[in-house]
Amino acid sequence: MVQQQGVQTLKRKQQSQKISISPLYFLLAVLSIAVLILGYNLKSLSKAIQESHHQQQQEVPVVPGDDNKNAKTLADDAAKLAAVKRAALEKINGKQETENQGATTKNDGSGVPQYHIIFSTGCSAFQDWQSYIFFFHAAKVLKRTSPPKSGMANTEVTRVASGCGSDADAEAMQALHREQIKIMNPNFHLHITPDFSTVHGSTKPYKYFNKPYGTKHWMEHVLGYTKDETTGKPNDNPQHDNDIVILMDPDQIILRPFTNDFSQHPEQWRTRQSLPLWDKVVRGQPFAQQYGFHNQWYQKTDITKIAKPDELPSPLETMNDRMRNENFSAGPPYIAVGADMYQISDKWAEFAVPTHAQYPFLLAEMFAMCLAAAHLNLPHQITQSFMVSDVGTGGLEGWKYGIDQYSGTDMCEEGKIPEEKLPNVLHYCQRYWLGKWFIGKYKLPKDFISCESPLLKVPPKDVALQYDFAVAPTGEIKKLNKDHVKRNAWMLCRFIPALNEAARFYKETHCGKDGKPPANFEETLVFHKNMEVEAIH
């Protein structure tokens, strides 16, 4: 078009100057026609290129970043754009994303390792909405790291879903993932595994077997890890041995980026005297969050009946209580390089069933993880500030390190508590309540991420100043101390808006189009019939 306009301008100029036809003018005319033809062909070629790479030319729904809360998050016709993105991804990746998709390694010369975040789930509606929340807030954090503030830029995030039923069910899950999750970030993946909940041979499933077995399955089928057929030991995997693998739970929301180098990042480390502290995730130096079960994982199991006879005596047997407690009494988030994580996941899966046989309760798979790491002599650098979850915990979590240092009036004021004082993760595994304000994952409707469901009613910013007690939907009343008031207020004021923000993104992206009902944006969802309360004494 620019070339055509140039030719027309030239002709007008020539006419205005009354230039007579001459050999020179004839030559210019021939060149002009050639330029017109070339311009047309270039335009056609450009159009063909654009159509063949359509997904790169289209604006897709934008996950809002914290740096611009009021930014418009969607194009006016988000459903159409999502469909374009879907079609393009299907054209590139095939109808169904393959199991091996989702693992890449940075080779940009930056020296920054590739990060992988994985979380293990089943295939229920309950874990579908948790996964949506997980991906949405991961997208927000990853957006803030580009340009990178940490090595997490370009992180691959994968839901490892186990036991999804028939092939048709699995294909439907993949389709939903492409439609609802891929549009947030092209590095978000779904890896489907068999159901491992009955590997112990019982008719009573233990769903938490899916975590060790699913992690191992992902590492073998996505990252390509293998074991030597003769020795049974893991083979080297140069492409991924130094990748950073972060294993989390689906009910965890990422608030600030992780790193593989904590030397410049403030963390609250668990005190330990058995080993020196280390601050870098490298081979032989995994990291994890402190949990409150102390040495129960060792005291309530017998490693001599869990490990193979030719691997006894276990290194675990020669450790003292301090060594065991300071380096292995931990849980997710777990962080390790690929080589260590595969070693651990392989032994973890091996230990899971015999550990459960000795301790057939809720924490069996976590105990098996502790046993596997100790048996492999892979002590963890344990932190208390990766996570907050339980308002009643002592110094095991990131409360005292950051949030407790601020006043009740700061709990619900966004930005009052700086990011570096926040935990990496909000783990919503408990119930949170103050007055009649309440939130708990088991109470949230399974269809919360939908067009029809209302959003949650948001507590007032001074909720921490209004109550020193809590009332559960069951009628249970509990008096709260000052710290518990502040912590519950912080949880209510972070978790409820986090849920609403993800649900609002879904509604703006998918509702009112393509035959779907209009979006319900009313903030009316509460868990009491009425919110009126009377003071208790």
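Using the UniProt record's numbering, the first residue of the sequence shown is number 1, and each one after it goes up by one.
A virtual CB, placed ideally from N, CA and C, is assigned to each residue, including glycine.
Computed from a predicted structure; not experimentally measured.
Span of the beta strand (DSSP E) around residue i
i, result
"glutamate 171", "Careful: glutamate 171 lies outside any beta strand (DSSP E), inside the alpha helix (DSSP H) at 167-176."
"glutamine 381", "381-383"
"methionine 248", "244-248"
"isoleucine 117", "115-121"
"leucine 426", "425-427"
"valine 199", "Where valine 199 is concerned, there is no enclosing beta strand (DSSP E), given that its DSSP letter is neither H nor E."
"asparagine 433", "The residue you asked about is not asparagine; residue 433 is tryptophan in the sequence shown. Unbroken beta strand (DSSP E) run through tryptophan 433: 432-434."
"leucine 371", "No beta strand (DSSP E) contains leucine 371, which is instead part of the alpha helix (DSSP H) from 364-375."
"phenylalanine 469", "469-471"
"glutamine 290", "287-290"
Inter-residue spacing [alpha-carbon to alpha-carbon] between residue i and residue j
i, j, result
"tyrosine 506", "glutamate 311", "51 Å"
"aspartate 77", "glycine 512", "The pLDDT assigned to aspartate 77 is 38, lower than 50, so where the model puts this residue is not dependable; a value taken from the coordinates is nonetheless given after this. For aspartate 77 and glycine 512, the distance between alpha carbons rounds to 11 Å."
"methionine 531", "lysine 400", "31 Å"
"histidine 356", "isoleucine 382", "24 Å"
"proline 518", "aspartate 447", "15 Å"
"asparagine 424", "serine 263", "16 Å"
"phenylalanine 469", "valine 485", "8 Å"
"residue 559", "glutamate 156", "Residue 559 falls outside the range modelled here, since the chain spans only 1 to 537, and no answer is possible."
"glycine 395", "threonine 231", "43 Å"
"glutamine 430", "threonine 393", "12 Å"
"residue 566", "proline 313", "Shown here, the chain extends from 1 to 537; a query on residue 566 therefore has no answer."
"tyrosine 432", "lysine 478", "12 Å"
"proline 454", "aspartate 514", "20 Å"
"glutamate 171", "methionine 319", "48 Å"
"threonine 474", "valine 391", "20 Å"
"leucine 316", "histidine 294", "15 Å"
"threonine 524", "threonine 409", "24 Å"
"glutamine 358", "serine 197", "17 Å"
"glutamate 419", "lysine 441", "25 Å"
"asparagine 296", "threonine 158", "In the sequence under discussion, the amino acid at residue 296 is glutamine, which differs from the asparagine named in the question. For glutamine 296 and threonine 158, the distance between alpha carbons rounds to 31 Å."
"isoleucine 181", "aspartate 169", "17 Å"
"proline 459", "cysteine 123", "32 Å"
"leucine 275", "histidine 265", "21 Å"
"asparagine 520", "glutamine 273", "55 Å"
Residue from the options with nearest C-alpha to residue i
i, options, result
"arginine 322", "Gly163, Ala374, Asn185", "Ala374"
"threonine 259", "Arg270, Ala288, Arg272", "Ala288"
"proline 360", "Phe328, Thr301, Thr393, Trp348", "Thr301"
"phenylalanine 119", "Ala168, Cys511, His189, Pro286", "His189"
"histidine 510", "Arg178, Pro445, Asp410, Val199", "Arg178"
"aspartate 261", "Asp279, Trp269, Ile254", "Asp279"
"glutamine 343", "Lys478, Asp241, Asp447", "Asp241"
"glutamate 452", "Glu501, Ala307, Glu522", "Glu522"
"alanine 368", "Gln180, Glu419, Tyr298, Gly165", "Tyr298"
"leucine 492", "Ile306, Lys143, Ile439, Phe386", "Ile439"
"phenylalanine 380", "Lys457, Val160, Asn325, Thr121", "Reading the sequence as shown, one finds histidine at residue 380 and not phenylalanine. For histidine 380, the nearest C-alpha among the options comes from Asn325."
"valine 222", "Pro205, Val160, Ala307", "Val160"
"valine 337", "Gly111, Val63, Tyr115", "Tyr115"
"alanine 489", "Pro454, Asn520, Cys412, Thr158", "Cys412"
"lysine 308", "Pro266, Phe351, Ala339, Thr318", "Phe351"
"alanine 349", "Ala175, His200, Lys516", "His200"
"methionine 248", "Leu316, Gly165, Lys211", "Lys211"
"lysine 305", "Leu371, Ile117, Glu501, Gly475", "Leu371"
"glutamine 405", "Val353, Asp483, Lys347, Pro205", "Asp483"
"glycine 111", "Phe386, Ala153, Gly398", "Ala153"
Pair within 7 Å by beta-carbon distance, residue i and residue j
i, j, result
"serine 407", "lysine 216", "no"
"valine 388", "proline 257", "no"
"alanine 139", "methionine 173", "no"
"lysine 416", "histidine 528", "no"
"glycine 163", "aspartate 195", "yes"
"alanine 498", "isoleucine 253", "yes"
"isoleucine 496", "tyrosine 132", "no"
"arginine 270", "glutamine 384", "yes"
"arginine 494", "leucine 426", "yes"
"leucine 422", "leucine 255", "yes"
"threonine 121", "proline 286", "no"
"valine 533", "lysine 457", "no"
"asparagine 237", "aspartate 228", "no"
"isoleucine 335", "valine 281", "yes"
"proline 354", "isoleucine 246", "no"
"glutamate 365", "tyrosine 208", "yes"
Where the alpha helix (DSSP H) containing residue i begins and where it ends
i, result
"threonine 215", "210-221"
"leucine 492", "482-510"
"residue 545", "There is simply no residue 545 to check, as the chain begins at 1 and stops at 537 in what is shown."
"arginine 322", "321-328"
"phenylalanine 521", "From DSSP, phenylalanine 521 is part of no alpha helix (DSSP H); its letter is neither H nor E."
"glutamine 466", "463-466"
"serine 345", "338-358"
Item to check | the stretch 289-299 in contact with the stretch 329-340 per 3-pair CB rule at 8 Å | outcome: yes
Next on the checklist: Below 8 Å, how does it come out for the stretch 461-476 and the stretch 364-378: are there three or more Cβ pairs, yes or no?
Outcome noted: no
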